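First up is the structure itself, then whatever we jot down about it.
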Amino acid sequence: MNLKQMEYFVAAAEQLNFTRAAKKCFISQTAMTLQIRSLEEKIGVPLFVRDKHHVELTAAGKVYLNEARAILVRAEEAAKLARTAAEGVAGELTIGFIRGYEQSRFSETLRSFHEAYPNISIHLLRENMSALYELLDNGTCDLAFNLSLYTQNYEDLKHRFLKRFPMMAVLYPGHTLAGESHLMYCDLAREDFIIMQPQGRSNDEAEEVLICYNKGGFIPNIVAREREVQTVLLEVSAGFGVAILPEYAVRHYRNARNLVVVPLLRADGSPEELDFEIAWRQSNPNPAIEKLLQWVETHEYVE
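Going by numbering that gives the first Met the number 0, 8 is the number at position 9 of the sequence shown; the sequence numbering is gapless.
See below:
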């Protein structure tokens, strides 16, 4: 059986007249009769009681009519969803974001996009910097909100700048530098550092981390590498060392009793900053990617 046969059956059941049903479906009466007979053979029961002057639904036909109507409605809904998915206004998006970014206003960005495209189902992956690019590269992730430090060796990845985030030194309250209004990398040369644990191509990412610290003319003494921002902050508050993190990761801790957050400045007095971007794989065929990219481009980005 097929949808066309169901359509013919519904028309015949509603008209209770094969001639009128055939005209409604733009086929001959003979074709209508053959299609109904074929449907009854496939189902294995008669759907109509009919003679030359009278057509009536059987008990089985009445049950089948309700189900056939529901199936036809659902089939049309499925076709509409398929068309909207092809246009990118329905479907699924797997969005990655860097650990710590959940402390920002990222949820507001997601909420406003979801309100604009409610038929796009969003799945979230939270990972570290290089791991996000690996997930993009292997197709696990459609897009990623990430720092722009680790982009080499991924020829298929595209990037779009979103904004710059100030970098912050995070200290425990009793630290000798905790009272400073600002710091530079060189001020931290003798400190023990707690950093986020590199993932994926960790050697390359470790080099990127060192480049940041080398702005101060020193190689950092790294005493701990942690996967979670919260663990880094806990160890800093315990006095194990200091950390340097983007502003979004420590925004809610700036007035905490057990942490001190101090802006990092360059020698010219401008803030130390890292670029933040949205990245995706150019060859990814998911049409919903373009909808998110267009939305980010045409709306004020909320961080």
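Backbone N, C-alpha and C define an ideal beta-carbon position, used for all residues, glycine too. These numbers were taken from a predicted model, which means no experiment stands behind them.
What's the call for Gln13, buried or exposed, on a 16-neighbour Cβ count within 10 Å? Gln is not the amino acid found at residue 13; the sequence shown has Glu there. Classification for Glu13: exposed.
Taking only three categories from DSSP, how would you classify Gly173? Secondary structure of Gly173 (DSSP, three-state): coil.
Which value, in whole angstroms, describes the spacing of the CA atoms of Asp203 and Val241? Model confidence at Asp203 stands at a pLDDT of 48, short of 50, so the residue's coordinates are unreliable and nothing is read from them.
Whether Ser282 touches Asn257 by CB criterion (9 Å): no
When you compare the stretch 63-81 with the stretch 15-35, are there three or more beta-carbon pairs, one atom per stretch, that lie closer than 8 Å? no
Identify which residue in Glu55, Phe112, Lys214, Thr297 has its Cα closest to the Cα of Asp267. Lys214
Is the stretch 221-229 touching the stretch 267-276, taking contact as three or more C-beta pairs under 8 Å? no
Do Phe96 and Arg125 have their C-beta atoms within less than 9 Å of each other? yes
Complete runs of the beta strand (DSSP E) confined to the stretch 60-144 [at least 3 residues]: 90-97, 119-126
Glu272, DSSP secondary structure in three states: DSSP places Glu272 in strand when its eight states are reduced to three.
Thinking just about the alpha-carbon of each residue, which of Lys79, Gln102, Ala115, Ala78 is nearest to the one in Val295? Ala115
Based on Cα-Cα distance, which residue from Phe8, Ile277, Ala130 lies nearest to Phe144? Phe144 has its Cα closest to that of Ile277, out of Phe8, Ile277, Ala130.
Closest by CA to Asn137, which one among Arg49, Leu148, Tyr153? Tyr153
Tell me whether the beta-carbon of Met128 lies closer than 9 Å to the beta-carbon of Leu148. yes
Limits of the unbroken alpha helix (DSSP H) element including Ala11: For Ala11, the enclosing alpha helix (DSSP H) starts and ends at 2-14.
I need the boundaries of the alpha helix (DSSP H) containing Ser248, first residue and last residue. One detail in the question is off: residue 248 reads as Ala in this sequence, not Ser. 246-249 is the span of the alpha helix (DSSP H), which, as asked, contains Ala248.
Less than 9 Å separating the beta-carbons of Val231 and Ser180? Contact: no.
Looking at the structure shown, is Asn202 part of a helix, part of a strand, or coil, going by DSSP? Note that Asn202 scores 49 on pLDDT, short of 50, meaning its location in the model is unreliable; the coordinates nonetheless yield the value given after this. Three-state result, Asn202: helix.
Neighbourhood of Val44 by C-beta distance below 7 Å, restricted to the same chain and skipping five residues each side: Ala59
What separation, rounded to the nearest whole angstrom, lies between the Cα atoms of Tyr252 and Glu75? 52 Å
What does the alpha-carbon distance come out to for the pair Lys79 and Leu292? The straight-line gap from Cα to Cα measures roughly 23 Å.
Since Asp50 sits in a beta bridge, which residues does DSSP pair it with? Beta-bridge pairing links Asp50 to no other residue.
Gly238 versus Pro165: straight-line alpha-carbon distance, rounded: Looking at the two C-alpha atoms, the distance is approximately 23 Å.
Beta-ladder partner(s) of Trp387, from DSSP: The shown model of the chain, from 0 to 302, leaves out residue 387, and the question about it has no answer.
Which of the three DSSP states is assigned to Asp191 in this structure? strand
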